[in-house]
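**Q** So that we are looking at the same thing, I have put the structure below in structure tokens.
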Ligand code: DGL
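Residue numbers (the working numbering): 726 to 1003.
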């Protein structure tokens, strides 16, 4: 028997664990939805690779997620979202969103002085995707971008404490140019960065609004599913099923550290061969 469309899961993917910041928000916003998460932990990082490689990986990730029979796909990865751009048919016959447009909409609504900072991986900043999307909404906006190549390895290694000297020094190094330009909103354009939120917030100051791209994508997904009448009618708690391209045990361990608590739901391994074939 085929599952009715509305009862299918919401599909989310990232190069690694960063997309879990989107999943955490999805669970809060739509507790009754089932979620399928894929983290390409065997091939992380994406953000230091070429556009061609990122696009190839992204297509494989999307094809894999589609095979799990989802009703919507979220690329909870700033890097993938920036490189695939507005490719509307990326999701095929199901709605698809990246994190760029949701984050930019929130940033444009929040800024008072029109000066918006964006931080992301090297590929994201090189693409200029956030800047283009911001200027589509606010032609007069000043966009101050900076790539933060060491933030992802720091987060994956659990080095996030705001008092850690490495965190302090890298935060200052990456954010100083943005602070000096007077941005009043900062887009965390990579879904890993909310884990450095405390350090980033302390450095930027209370007057600067931080936008989590993953959390904004979750809100955007809620609006999309509500607007298209595609929410589940389930009344019990939804499930999360995880897939990873590296060890399932490692994924569980790291995801629990990442989310600061136990994850419920099964973790399955999908090999790179299977991904390439998808
Ligand atoms: N989570 C990815 C992003 O949002 C970054 C990790 C990577 O470089 O693969 O850009």
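Beta carbons are placed, not taken as given, at the ideal position from N, Cα and C, and that holds for glycine.
In terms of residues, what are the limits of the alpha helix (DSSP H) holding residue 887?
**A** Unbroken run through residue 887: none, as it is neither H nor E.
**Q** From this set, 729, 733, 771, 732, which residue's C-alpha is nearest residue 744's C-alpha?
**A** Closest by alpha carbon: 771.
**Q** Assess, as a yes-or-no matter, whether the segment 968-987 is touched by the segment 776-783 under the definition of 3 or more beta carbon pairs within less than 8 Å.
**A** Cβ pair count under 8 Å is below three, so no.
**Q** Return yes when the C-beta of residue 747 is under 7 Å from any heavy atom of the ligand DGL, and no when it is not.
**A** no
**Q** Just to check, is the beta-carbon of residue 793 closer than 7 Å to a non-hydrogen atom of the ligand DGL?
**A** For the ligand DGL, not one heavy atom lies less than 7 Å from the Cβ of residue 793.
**Q** For a quick check, are the C-beta atoms of residue 820 and residue 949 less than 8 Å apart?
**A** yes
**Q** What does the alpha-carbon distance come out to for the pair residue 815 and residue 899?
**A** 32 Å
**Q** Per DSSP, which residues does residue 843 bridge with? Please list them.
**A** 870, 912
**Q** Kindly indicate which three-state DSSP category residue 797 falls into: helix, strand or coil?
**A** In the three-state reduction of the DSSP assignment, residue 797 falls in the strand class.
**Q** Buried or exposed: residue 796, going by 16 or more other Cβ atoms within 10 Å of its Cβ?
**A** Classification of residue 796: buried, given that the 10 Å Cβ count is 16 or more.
**Q** For residue 936, which beta-bridge partners are listed by DSSP?
**A** 912
**Q** May I have a chain-ordered list of the alpha helix (DSSP H) segments no shorter than 4 residues that lie completely inside the segment 917-991?
**A** Counting only runs of 4+ residues, the alpha helix (DSSP H) found wholly inside the segment 917-991 occupies 922-929, 938-952, 973-984, in chain order.
**Q** Check whether the Cβ of residue 877 lies closer than 7 Å to any heavy atom of the ligand DGL, and answer yes or no.
**A** In terms of side-chain proximity, the C-beta atom of residue 877 is found nearer than 7 Å to a non-hydrogen atom of the ligand DGL.
**Q** With distance defined between alpha-carbon atoms, name the residue in 864, 830, 925, 787 nearest to residue 895.
**A** Here the closest residue by C-alpha is 925.
**Q** Between which two residues does the alpha helix (DSSP H) holding residue 764 run?
**A** Premise fails: residue 764 lies in the beta strand (DSSP E), 760-764, not in any alpha helix (DSSP H).
**Q** Just to check, is the beta-carbon of residue 864 closer than 7 Å to a non-hydrogen atom of the ligand DGL?
**A** Incorrect: residue 864 has no Cβ contact closer than 7 Å to the ligand DGL.
**Q** Just reading off the beta strand (DSSP E) that residue 735 is part of, what are its end residues?
**A** Element bounds for residue 735: 734-739.
**Q** With respect to the alpha helix (DSSP H) encompassing residue 752, which residues constitute its N-terminal and C-terminal limits?
**A** Looking at the DSSP string, the run of the alpha helix (DSSP H) that includes residue 752 is 745-754.
**Q** For residue 994, write down the residues that DSSP places opposite it in a beta bridge.
**A** 969
**Q** Suppose you measure from the CA of residue 808 to the CA of residue 784; what does that come to, to the nearest Å?
**A** Approximately 11 Å, taken between the alpha carbons.
**Q** Quick one: residues in its chain with C-beta nearer than 7 Å to the C-beta of residue 767, no 5 flanking neighbours on either side, listed in chain order?
**A** So the list reads 970, 971, 997, once near-sequence residues are dropped.
**Q** Residue 769 lies in the alpha helix (DSSP H); which residues open and close that run?
**A** Residue 769 -> no alpha helix (DSSP H), and no H or E assigned at all.
**Q** When the distance is taken between beta carbons, is residue 873 closer than 8 Å to residue 1011?
**A** Since the first residue of the chain shown is 726 and the last is 1003, residue 1011 is not available in this structure.
**Q** Determine contact between the segment 935-947 and the segment 958-967, defined as no fewer than three beta-carbon pairs at a distance below 8 Å.
**A** Judged by Cβ distances under 8 Å, the segment 935-947 makes no contact with the segment 958-967, as fewer than three pairs qualify.
**Q** Can you give me the start and stop residues for the alpha helix (DSSP H) that residue 792 sits inside?
**A** 776-792
**Q** If you draw a straight line from the C-alpha of residue 823 to the C-alpha of residue 890, how long is it?
**A** 33 Å
**Q** Closer than 7 Å to a non-hydrogen atom of the ligand DGL - does that hold for the CB of residue 885?
**A** no
**Q** For residue 794 versus residue 728, is the C-beta distance shorter than 8 Å?
**A** yes
**Q** Could you pull out every residue in the same chain whose Cβ sits closer than 7 Å to the Cβ of residue 863, ignoring the five residues on either side in sequence?
**A** 833, 839
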